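K.L.:
Everything in the sequence shown is counted per the numbering used here, starting at 12 for the first residue and increasing by one. For glycine and all other residues, C-beta sits at the position ideal for the given N, C-alpha and C. Keep in mind it's a predicted model, so treat the numbers as computed, not measured. Structure in C-alpha cells, see below.
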Amino acid sequence: MGALRALPRAHAERGPGLRAGQAQGAFRAVSTCGERDQRGSRLMAGLDPRRVVVVGGGISGITSAIEIAETGTEVTLVERSPSLGGRVAGMFRYFPKLCPPYCGLEIQYRRIKANPRISVMTDTEVTAADKCADGWKLSLRRNARKVTDRCTACDECTAACPVERRNPHNQALDATKAIFLPHRLAFPLRYAIDAQACPGASCGKCVPACPFGAIDLSMQPQDLELTASKVIWATGWKPYDAARLAHLGFQRVPNVITNVMFERLAALDGPTGGKLLRPSDGKEAKRVVFVQCAGSRDDEHLPYCSAVCCQASLKQASFVRETYPDSRVEIFYTDRRAGDNEDFLRKVQSDPNIVFTKGKVGQVTEEPGSGDITVVAQDTPTGPSRTAIADLVVLATGIVPETSLAAIPSGITRDAYGFLTGSHTEGFEVVGCASRPSDVTRSVQDATGAGIRAQRSLAVR
C-alpha cells in the first residue's frame with residue numbers, strides 16, 4: 012500500500028538551526044556551562060539560562076513544553092522520530108472521553124504553533140546528558156530526514172518511489188514507500204525518508220518528482236549541543252515484545268495480535284479503515300478473545316502491573332460489540348482493574364455477549380485450514396480448563412519504558428525494570444511512562460505538574 016494521503020499543509024517545525032541557511036549562525040555560541048565548542052563537526056547551541064529542554068515529543072513532553080512556554084520561558088522540545096505525537100497518535104480512542112487522538116493533539120499542535128518560545132527538533136536523539144554548574148549540557152544527534160521544510164505534503168514523491176517498507180505507525184500491518192508521511196497527525200506535516208529502505212542517489216526518482224525541490228538526498232546527520240537550566244525527560248513507552256510469550260502464539264499463529272495492533276485496525280486511518288479484519292485472510296473478526304496480563308505480573312517477564320491494559324481491553328471489547336452487533340467477546344483476566352473508569356467497566360460487564368473468565372491462558376493454537384484459534388485456559392474459580400474458539404486473539408501486552416533508547420543523564424538511575432528514578436535530582440524531572448506505567452490522563456497530569464514546578468523554580472532563581 013502507498014503512503015497515507017496527505018492533509019493540507021498545517022504544521023511547520025521551528026527551532027534553532029531549523030531554517031535554511033541559519034544552522035551555523037544559530038549554534039555558534041558559548042554554553043552556559045562555560046565551555047566553548049572546539050570540534051569543527053559539532054555545533055554549540057548557546058541559550059538563555061532560563062531555557063528548559065524537554066526530551067520526548069509524546070503527549071507528556073508536548074504538555075510539559077506548552078505549560079512552560081506559556082508562562083514565558085524558552086523551551087526546546089526534542090523528539091527522535093520524524094513527528095510529534097508519540098503513542099497517542101497511534102490510538103483510535105483514549106480515556107477518559109474515548110476521544111480519537113486528533114481531539115487532543117490538534118489542540119496542542121495549535122498551541123505550539125502559536126507560541127514562538129517553543130522550538131521543536133524532530134529526528135533528534137540525545138546521545139549524552141551531563142550535569143554542570145549552571146544546569147545541564149546535552150549532546151544531540153540530528154538524523155538526516157532528507158526532506159526540507161519546502162515540503163507541502165503533496166504526495167507526488169510516493170508515486171515516483173519504487174521501494175516499499177513496512178509501516179511502523181500501523182504496527183507493520185501495511186506498507187508505505189521509502190519516502191513517507193509518518194501519519195495523518197504528523198507534526199511537522201512533512202515527509203521523511205527511511206534511510207535503511209531508500210537506495211539513495213543510485214535511485215533518486217523522488218527528487219525530480221517533487222515540484223517544490225524539497226528532497227535533498229545529500230543531507231547528513233548533524234551533531235549539536237544544548238545547555239539548559241532544566242531537563243524534563245518524557246521518553247514514553249513501548250509494548251512488551253509478545254514474541255517472548257511463546258505459549259500465546261504471537262508470530263506463530265497469524266491471527267494472534269497485540270493490543271497496540273488492535274488500535275491500528277480499529278482506527279479509521281489504519282490499514283483496514285476501521286474494520287476488524289484478520290491478518291491471515293481479511294475475514295471480519297466476530298469472535299474475539301482478549302488475553303490479559305500478557306507479560307505483565309509475571310516474574311519471568313514483567314513483574315509489575317502495566318496499569319493500562321485492563322482499561323484498553325475494555326475499550327477494545329466495546330469497539331468489537333459496537334462494530335459487529337452479532338459478535339461475541341471473551342476476556343481472560345487475572346484481576347479486573349479499571350482505575351478511574353469503574354462506570355465503564357460496569358457498562359461492559361452488563362453486555363451478555365462479553366464474557367469475563369478469571370483464568371490464565373496456557374495454550375493458543377491454530378485450527379488447520381480455517382485460521383480459527385483455540386484458546387485453552389484454566390478457569391481459576393472452578394478449577395478445570397476452559398476452551399474458547401476465536402477468529403482473533405488480542406494479547407494485552409504490557410508497558411516497557413523507552414529509556415533504553417536514549418542516553419540516560421549522568422547521576423540518574425534506572426530501577427530493576429528500566430524506569431528512571433531521578434525525579435528529585437536538581438534540575439531534572441521524569442514524567443509519564445519514563446517513570447512508571449501510566450495512562451494518558453495521569454501522564455498529562457504528571458507533565459503539567461512538572462512544567463509548573465520547572466517554571467516555579469526558574470522564577471525564584
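Below 7 Å between beta carbons: does that hold for Val-271 and Gly-260?
P.N.:
Counting from 1 along the sequence shown, the entry for residue 271 is found at position 260. Counting from 1 along the sequence shown, the entry for residue 260 is found at position 249. Cβ atoms of Val-271 and Gly-260: not closer than 7 Å.
K.L.:
Which residue or residues does DSSP assign as beta-bridge partners of Ala-239?
P.N.:
By 1-based counting over the sequence shown, the position of residue 239 is 228. Beta-bridge pairing links Ala-239 to Trp-147.
K.L.:
Span of the alpha helix (DSSP H) holding Gln-1?
P.N.:
Limits of the chain in this structure are 12 at one end and 472 at the other, which puts residue 1 out of reach.
K.L.:
Can you tell me which of the three DSSP states Ser-130 falls into?
P.N.:
In the sequence shown, counting from the first residue as 1, residue 130 sits at position 119. In the structure shown, Ser-130 sits in a strand (DSSP, three-state: E or B).
K.L.:
Alpha carbon to alpha carbon, how far is Lys-326 from Arg-298? Give it in angstroms, no decimals.
P.N.:
Sequence index remark: in the sequence shown, residue 298 carries index 287 (1-based). Sequence index remark: in the sequence shown, residue 326 carries index 315 (1-based). Their Cα atoms are separated by approximately 16 Å.
K.L.:
Please report the straight-line C-alpha distance between Tyr-105 and Phe-273, rounded to a whole angstrom.
P.N.:
Position 94 of the sequence shown, counted from the first residue, corresponds to residue 105. Position 262 of the sequence shown, counted from the first residue, corresponds to residue 273. Those two C-alpha atoms are separated by around 13 Å.
K.L.:
What does a CB cutoff of less than 6 Å around Asn-154 pick up in its chain, not counting 5 residues either side in sequence?
P.N.:
Along the sequence shown, read from residue 1 onward, the residue named residue 154 stands at position 143. Excluding sequence neighbours, Asn-154 sits near Asp-134, Pro-232.
K.L.:
Classify Lys-369 as helix, strand or coil using the three-state DSSP reduction.
P.N.:
Reading the sequence shown from its first residue, position 358 is the one you call residue 369. Strand.
K.L.:
For Val-63, I'd like the list of residues in its chain whose CB is within less than 7 Å of its CB, leaving aside the five on either flank, ordered along the chain.
P.N.:
Along the sequence shown, read from residue 1 onward, the residue named residue 63 stands at position 52. The residues are Ile-79, Thr-84, Val-86, Ala-239, Ser-240, Lys-241, Ile-243, Ala-465.
K.L.:
Specify whether the segment 302-314 and the segment 221-232 touch according to this definition: at least 3 beta carbon pairs, one from each stretch, less than 8 Å apart.
P.N.:
no
K.L.:
By DSSP's criteria, Val-386 is part of a beta bridge. Which residues make up the other side?
P.N.:
On the sequence shown, residue 386 is found 375 positions in, with the first residue counted as 1. Val-386 is bridged to Val-375, Ala-399.
K.L.:
Looking at Asn-181: is its Cβ nearer than 7 Å to the Cβ of Pro-282?
P.N.:
Walking along the sequence shown from the start, residue 181 turns up at place 170. Walking along the sequence shown from the start, residue 282 turns up at place 271. Contact flag set, yes.
K.L.:
Excluding sequence positions up to five away, which residues of its chain have a Cβ less than 8 Å from the Cβ of Pro-250?
P.N.:
As a working note, residue 250 is residue 239 in the sequence shown. Around Pro-250: Thr-269, Asn-270, Val-271, Thr-408, Gly-409, Ile-410, Val-411.
K.L.:
Drop a sphere of 10 angstroms on the beta-carbon of Ala-461, count the other beta-carbons inside from all chains shown, and report buried for 16 or more, exposed for fewer.
P.N.:
Within the sequence shown, residue 461 is the residue found at index 450, counting from 1. With 16 or more Cβ atoms within 10 Å of its Cβ, Ala-461 is classed as buried.
K.L.:
Quick one: Cα of Val-359 to Cα of Phe-330, how far?
P.N.:
Within the sequence shown, the letter at position 348 stands for residue 359. Within the sequence shown, the letter at position 319 stands for residue 330. Approximately 10 Å, taken between the alpha carbons.
K.L.:
Can you tell me whether Ser-229 is buried or exposed? The criterion is at least 16 other CB atoms within 10 Å of its CB, across all chains shown.
P.N.:
The sequence position of residue 229 within the sequence shown is 218, counting from 1. Classification for Ser-229: exposed.
K.L.:
First and last residue of the beta strand (DSSP E) that includes Lys-188?
P.N.:
For the purposes of this step, residue 188 is taken as residue 177 along the sequence shown, with counting starting at 1. Unbroken beta strand (DSSP E) run through Lys-188: 186-188.
K.L.:
If I measure Cβ to Cβ from Arg-506 and keep anything under 7 Å in the same chain, skipping five residues before and after, which residues do I get?
P.N.:
Summary: the structure shown does not reach residue 506, with the chain confined to residues 12 through 472, and so no result is reported for it.
K.L.:
Once you ignore the five residues that flank Trp-248 on each side, which residues in its own chain have a CB closer than 7 Å to its CB?
P.N.:
Numbered from 1 along the sequence shown, position 237 holds the residue referred to as residue 248. Cβ within range, chain order: Arg-98, Ile-410, Val-411, Pro-412, Glu-413, Cys-444.
K.L.:
Within its chain, find whatever has a CB closer than 6 Å to the CB of Cys-172; leave out the 5 residues flanking it on each side and keep chain order.
P.N.:
As a working note, residue 172 is residue 161 in the sequence shown. For Cys-172, where only same-chain residues beyond five positions count, the Cβ hits under 6 Å are Lys-188, Ala-189, Ile-190, Cys-217.
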